[in-house]
Every structure is written in C-alpha cells, then in structure tokens.
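Residue numbers (the working numbering): 1 to 179. All C-beta atoms in this analysis are idealised placements derived from N, C-alpha and C, irrespective of residue type, glycine included. Source: prediction; values computed, not measured.
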Amino acid sequence: DNLLCFLKHNPSLSSSLFSDLSQNIQDVTTIIEPVLAASKRCQNTRYYIQAVSIGHTGFLATNLNLQDREGIRATATASSWSVGRGSTCALHMPDQSVSRCHAVITHHAYAGFFLTDLGSKNGTWVNGTRVISHSRQPLNDGDLIQLGMLKVELFVSDPQQDSTPAAAVSRSCMTTSPN
1 DNLLCFLKHN PSLSSSLFSD LSQNIQDVTT IIEPVLAASK RCQNTRYYIQ
51 AVSIGHTGFL ATNLNLQDRE GIRATATASS WSVGRGSTCA LHMPDQSVSR
101 CHAVITHHAY AGFFLTDLGS KNGTWVNGTR VISHSRQPLN DGDLIQLGML
151 KVELFVSDPQ QDSTPAAAVS RSCMTTSPN
C-alpha cells in the first residue's frame, strides 16, 4: 500500500499526524492522497513540491532528493521551512543557482503560505516579479516561483477545506530555466 510505504519512509511526519495532531487513519489518508498523486499530475518535469495545510501547521513534500531518488520525502509538520542548496535545509535544492539558505516558506493559519527571500545571491521571483529581500510574499495555488534559475510551480492542498478529491489533489512541478 502506497500510504503505508509513504508513512514508513517519513516517520517524523507519521508521528506528527497520528500523535501530535490526533488524526485517525481516514484523516491521514485524506491528507496524504494529494501527495501520493502529485507525480502523476506533473506535466513538464518529473520533480514536484507540494504544500499541505493542516490547520495551524502544514508540511511540504517533494520527490527531489539526491540521496533517495525513489519515493517522496516530506518535511515534518511545522509552520516554517528553510529552502536552499544547503544540506540542512528542510527543502534541499541541489542547484548551483540556489543559495545555501535561499528562502523560507512559512504557513500561517487562516492566511496560508508565504515566501521570504533571505538575501539570496541570485534572487527569488513569484509569477515573474522579484521578491524584495527579507519581505514576506503571499503564495497562492498555481504561483510560479523561481529560486535563482530553478522554477517551481506551487500548488497548495488544504484537505480540511477541500471537499472533492479533485480539489484535494495538488502538486508543484519543478524545472530549471534554460541558459
């Protein structure tokens, strides 16, 4: 079963979902379904990032992971995640145009997801507009984010608000800009 395999390979997220957030198996299935379907929804590349809102917290998931090219890696549930080339970043982006600690994605209950550029060398853009360093940029479902030369199409899933399976499925596809 894909759900059990995903939970086994992401133990900190599993623990958070079942223990800290008091979710039952049906709730967890509803939360994880968009993540498991994400790779099938990518149309331009095989890589994706997905943001999932769970009330006051959330998590991000991706299939971009140098150590484990198979499967999906998810962050722990939190309200912020570092993004960059550095191995300690919650979302590790192995692209030389991405700074070691390039940006941070934050989640605020009832307000959604935000992106803050942390003074990166090659800049951050949302839908073609440069994000001013250290300013908080709201993120919306379908936004195109560019970190250096790396482009990410952001999709947001909020299983607690989505009422249909199609609405619950979301994903992010990642591409590198041609030189």
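- For Ser82, the uninterrupted beta strand (DSSP E) run begins and ends at Ser80 to Gly84, by DSSP.
- Ile31 is classed as buried because its beta carbon has at least 16 other beta carbons within 10 Å across all chains shown.
- Where Ile25 is concerned, the enclosing alpha helix (DSSP H) starts and stops at Ile25 to Arg41.
- Using a Cβ distance threshold of 9 Å, Arg73 and Arg85 do not count as a contacting pair.
- In this structure, DSSP gives Ser19 a helical state, which the three-state scheme calls helix.
- Contact annotation: the segment 117-130 does not touch the segment 13-24, with fewer than three C-beta pairs closer than 8 Å.
- The C-beta distance from Leu91 to Ile49 rounds to 7 Å, short enough to meet the 8 Å contact threshold.
- Minimum Cα-Cα distance from Asn140 among the listed residues Gly148, Leu7 and His108 corresponds to His108.
- Rounded to whole angstroms, the Cβ separation of Thr57 and Thr77 is 4 Å, and the two are in contact under 8 Å.
- In the displayed model, His9 falls within a helix according to three-state DSSP.
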